[in-house]
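S.K.: Can you read through this structure? Questions will come right after.
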Amino acid sequence: MSARTGLKFVAILLAVGACTDTASMSGAPGDLAKVPEGVIAIADPGQNLNAVRIMPEDGCYWYRHVGPVETTYLPLRTVDGRPICARA
């Protein structure tokens with residue numbers, strides 16, 4: 000594979016990656032969960048606890064992170080970095 004072909008391949012991968020579906024992470028107000036006091040007590044303080052939801056895929060709390068380029072949901076974690084999940 001030539002360098003030019005390799006660059007075209009990388010460009011195609013980047014273009015296709017930009018087309019991923021983010022509708023499920025839109026953060027509609029109805030999707031937000033009320034965060035229990037126990038979760039607030041163990042959550043790392045650098046996370047947005049005003050926009051939290053429980054993802055049905057894993058049963059864990061995720062918070063809305065607003066970055067310089069995009070807004071996305073990230074797993075809510077404790078101070079030691081462990082994910083916080085709801086009980087089954």
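Numbering (numbering that gives the first Met the number 0), first residue to last: 0 to 87. In this text, a Cβ means the ideal position worked out from N, Cα and C, and glycines have one as well.
Compute the beta-carbon to beta-carbon distance between Cys-59 and Pro-35, rounded to the nearest angstrom, for a pair I have assumed lies under 8 Å.
M.R.: Here residue 59 refers to the residue found at position 60 when the sequence shown is read from its first residue. Here residue 35 refers to the residue found at position 36 when the sequence shown is read from its first residue. So it is not a contact: roughly 14 Å between Cβ atoms.
S.K.: Does DSSP put Ala-85 in a helix, a strand or coil?
M.R.: The sequence position of residue 85 within the sequence shown is 86, counting from 1. In the structure shown, Ala-85 sits in coil (DSSP, three-state: anything other than H, G, I, E or B).
S.K.: Can you tell me whether Val-78 is buried or exposed? The criterion is at least 16 other CB atoms within 10 Å of its CB, across all chains shown.
M.R.: Numbered from its first residue, the sequence shown carries residue 78 at position 79. Exposed is the call here.
S.K.: Taking its Cβ as the centre, do 16 or more other Cβ atoms sit within 10 Å of Ser-25, making it buried, or is it exposed?
M.R.: On the sequence shown, residue 25 is found 26 positions in, with the first residue counted as 1. Its pLDDT being 45, under 50, Ser-25 is placed unreliably by the model, and nothing is read from it.
S.K.: Whole angstroms are fine: how far does the CA of Val-65 sit from the CA of Ala-40?
M.R.: For the purposes of this step, residue 40 is taken as the residue at position 41 of the sequence shown. For the purposes of this step, residue 65 is taken as the residue at position 66 of the sequence shown. Distance between the alpha carbons of Ala-40 and Val-65: 22 Å.
S.K.: Considering just the uninterrupted stretch of the beta strand (DSSP E) at Val-65, what are its terminal residues?
M.R.: Position 66 of the sequence shown holds residue 65. Here the beta strand (DSSP E) through Val-65 covers 60-65.
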